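Asker: Be aware that the sequence shown starts at 1, since it is given in full-length UniProt numbering, and climbs by one per residue. Note that CB positions come from ideal geometry on N, CA and C, so glycine has one too. Just so it is clear, the structure is predicted and the values come from calculations on it, not from any experiment.
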Amino acid sequence: MSDAEDGRGDDQPPDSEDSEAESLRALREEVEEKYDFDNFGPEDMAKMSLDEWEAAFDPDTWITGEELLDRVERELKSRIAYREVFAVLERVERDGQDQLLVYSDEGYAVVYPDGSIEGRGTVLRDVKPTVALCSMEDYEVDDPPEDVTLPRPVDVTEGSGEFGNLMLQVVAGAQMLVGVGLLTVWLFFPAVNGLFGTSLPTVSTIFAPLVAGVFLVIGFFLFLVVANARLSDRFRAEEYRNRLRAVGAEEGDRPDFLPFDESGGPRVEPRGDDADATAEGKSEGA
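#1: In whole angstroms, what is the alpha-carbon distance linking proline 209 and leucine 182?
#2: When the Cα atoms are used, what is the spatial distance from tyrosine 35 to aspartate 44?
#3: Going by DSSP in three states, arginine 271 sits in which element: helix, strand or coil?
#4: Return helix, strand or coil for glutamate 106, following the three-state DSSP convention.
#5: So, for serine 232: in the same chain, excluding its five sequence neighbours on each side, which residues have a beta-carbon less than 7 Å away from its beta-carbon?
#6: According to DSSP, is serine 116 part of a helix, a strand, or is it coil?
#7: Give the straight-line distance between the Cα atoms of leucine 168 and valine 211, rounded to the nearest whole angstrom.
#8: Excluding sequence positions up to five away, which residues of its chain have a Cβ less than 6 Å from the Cβ of alanine 246?
#9: By the DSSP assignment, the beta strand (DSSP E) with leucine 89 in it spans what residues?
#10: Determine the extent of the alpha helix (DSSP H) in which arginine 245 is found, giving its start and end residues.
#11: Pull up the CB-CB distance for valine 88 and glutamine 99, whole angstroms please, since I reckon it's below 8 Å.
#12: With a CB to CB cut of under 7 Å and the five nearest residues on each side skipped, what residues in its chain are close to serine 19?
#13: Based on the DSSP secondary-structure assignment, which residues constitute the bridge partners of leucine 100?
#14: How many Å lie between leucine 244 and phenylalanine 86 at the Cα?
#15: Are threonine 122 and glycine 107 close, meaning C-beta to C-beta below 8 Å?
#16: Would you kindly work out how many angstroms separate the C-alpha atoms of aspartate 147 and alanine 109, rounded to a whole number?
#17: Let's see if you can read the secondary structure: which residues bound the alpha helix (DSSP H) around tryptophan 186?
#18: Taking the beta carbon of aspartate 126 as the centre, do at least 16 other beta carbons fall within 10 Å, making it buried, or is it exposed?
#19: Alpha carbon to alpha carbon, how far is glutamate 33 from phenylalanine 235?
#20: Within its chain, find whatever has a CB closer than 7 Å to the CB of glutamine 97; leave out the 5 residues flanking it on each side and keep chain order.
#21: Within 10 Å of its beta-carbon, does lysine 77 have 16 or more other beta-carbons around it, so buried, or fewer, so exposed?
#22: Let's test the definition: count the other Cβ atoms within 10 Å of the Cβ of alanine 132 and tell me whether it reaches 16, buried, or not, exposed.
#23: Would you tell me roughly how many angstroms separate the C-alpha atoms of threonine 64 and isoleucine 117, rounded to the nearest one?
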């Protein structure tokens, strides 16, 4: 067998390359129609297959380095400001390179200039798709608002629907008054009829107390709805205050579960058997 025949199988025919390019292009169009990359989130990222991921994100055009960190920082600031993500964002320097540190009371994420991510918890789940999108050249990052800090626990108010609660109370009070009034007229109808000589057949029947009971039940139910709404607002506000205290929004301290302290040094030496417990791997974010 000649050398030409030996090397014939190593050369890929042009038709095969064209078909692969066409299939990749078709898959990319299908992915763009299937997913909304303007609102790309962790759920969409989990649904994507490996082929869809490679088709949607071209590694040859990925943005890395300081530009990637700048884009991710701007995007996360916008999401934090609009309360889409509950987290604290810091730009830190470790091992001679800038990194993004994102943490909350339930986890953290560290974004490296090459696009890789280290962390755990819900924050890691929220940051991964953000890094993937910001590494794409055609993804436009919006400018964040001026104030992107989390509020202090003392500034958190208990609910914002007080006007709606007041309207429900007015309606409930009216229902209760109608019910009590109708029931009172029915109870004292014989005396009223004797004094004034009036004749109200409808009030004198069993229909009057039934209607009065309906009004009373509706009023009581509306008052119960208002009480439940105010109680729920109070619990949510207190829960939010506790989360803010946990991330140090009141005193400015970082949570103890972060892998390094304010100086950038490691808190403890990681052990081989609990490496997965302290970080869910160093995964490629793009």
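Answerer: Taking the coordinates as given:
#1: By 1-based counting over the sequence shown, the position of residue 209 is 209. By 1-based counting over the sequence shown, the position of residue 182 is 182. Looking at the backbone, the Cα of proline 209 and that of leucine 182 are separated by about 7 Å.
#2: Position 35 of the sequence shown, counted from the first residue, corresponds to residue 35. Position 44 of the sequence shown, counted from the first residue, corresponds to residue 44. Taking the straight line from one Cα to the other gives about 7 Å.
#3: Translated into the one-based positions of the sequence shown, residue 271 becomes position 271. Residue placement at arginine 271 cannot be trusted, given a pLDDT of 33 that sits under 50; what the coordinates show is reported in the next sentence. Of the three classes helix, strand and coil, the one that applies to arginine 271 here is coil, per DSSP.
#4: Walking along the sequence shown from the start, residue 106 turns up at place 106. In this structure, glutamate 106 counts as coil in the three-state DSSP scheme.
#5: Locating residue 232 in the sequence shown gives position 232, counting from the first residue. Result list for serine 232: empty, nothing under 7 Å.
#6: The residue you call residue 116 lines up with position 116 of the sequence shown. If DSSP states are grouped into helix, strand and coil, serine 116 belongs with the strands.
#7: For the purposes of this step, residue 168 is identified with residue 168 of the sequence shown, where counting begins at 1. For the purposes of this step, residue 211 is identified with residue 211 of the sequence shown, where counting begins at 1. If I take the Cα positions, the gap works out to 20 Å.
#8: Within the sequence shown, the letter at position 246 stands for residue 246. The answer, listed in chain order, is Asp105.
#9: In the sequence shown, the residue the question calls residue 89 occupies position 89. Here the beta strand (DSSP E) through leucine 89 covers 88-94.
#10: In the sequence shown, the residue the question calls residue 245 occupies position 245. Element bounds for arginine 245: 207-246.
#11: What you label residue 88 is simply residue 88 of the sequence shown in a count that begins at 1. What you label residue 99 is simply residue 99 of the sequence shown in a count that begins at 1. Incorrect: roughly 14 Å between the Cβ atoms, too far for contact.
#12: Looking up residue 19 in the sequence shown gives position 19. Here the set comprises nothing.
#13: In the sequence shown, counting from the first residue as 1, residue 100 sits at position 100. Looking at the DSSP assignment, leucine 100 forms a beta bridge with Arg91 and Val111.
#14: Translated into the one-based positions of the sequence shown, residue 244 becomes position 244. Translated into the one-based positions of the sequence shown, residue 86 becomes position 86. Roughly 9 Å separates the two Cα atoms.
#15: For the purposes of this step, residue 122 is taken as the residue at position 122 of the sequence shown. For the purposes of this step, residue 107 is taken as the residue at position 107 of the sequence shown. Cβ atoms of threonine 122 and glycine 107: closer than 8 Å.
#16: In the sequence shown, residue 147 corresponds to position 147, counting from 1. In the sequence shown, residue 109 corresponds to position 109, counting from 1. Straight-line Cα distance between these residues: approximately 22 Å.
#17: Indexing the sequence shown from 1 puts residue 186 at position 186. Taken as a continuous stretch (DSSP letters only), the alpha helix (DSSP H) holding tryptophan 186 covers 162-187.
#18: Residue numbering aside, residue 126 sits at position 126 when the sequence shown is read from its first letter. Aspartate 126 should be labelled buried.
#19: By one-based count along the sequence shown, residue 33 stands at place 33. By one-based count along the sequence shown, residue 235 stands at place 235. The alpha-carbon separation between glutamate 33 and phenylalanine 235 amounts to approximately 41 Å.
#20: In the sequence shown, the residue the question calls residue 97 occupies position 97. Here the set comprises Pro113.
#21: As a first step, residue 77 is located in the sequence shown; it is residue number 77 there, counting from the start. Around the beta-carbon of lysine 77, 16 or more other beta-carbon atoms lie within 10 Å, marking it buried.
#22: Numbered from its first residue, the sequence shown carries residue 132 at position 132. Alanine 132 is buried by the Cβ-count criterion.
#23: One-based indexing of the sequence shown puts residue 64 at position 64. One-based indexing of the sequence shown puts residue 117 at position 117. In a straight line, the C-alpha of threonine 64 is about 13 Å away from that of isoleucine 117.
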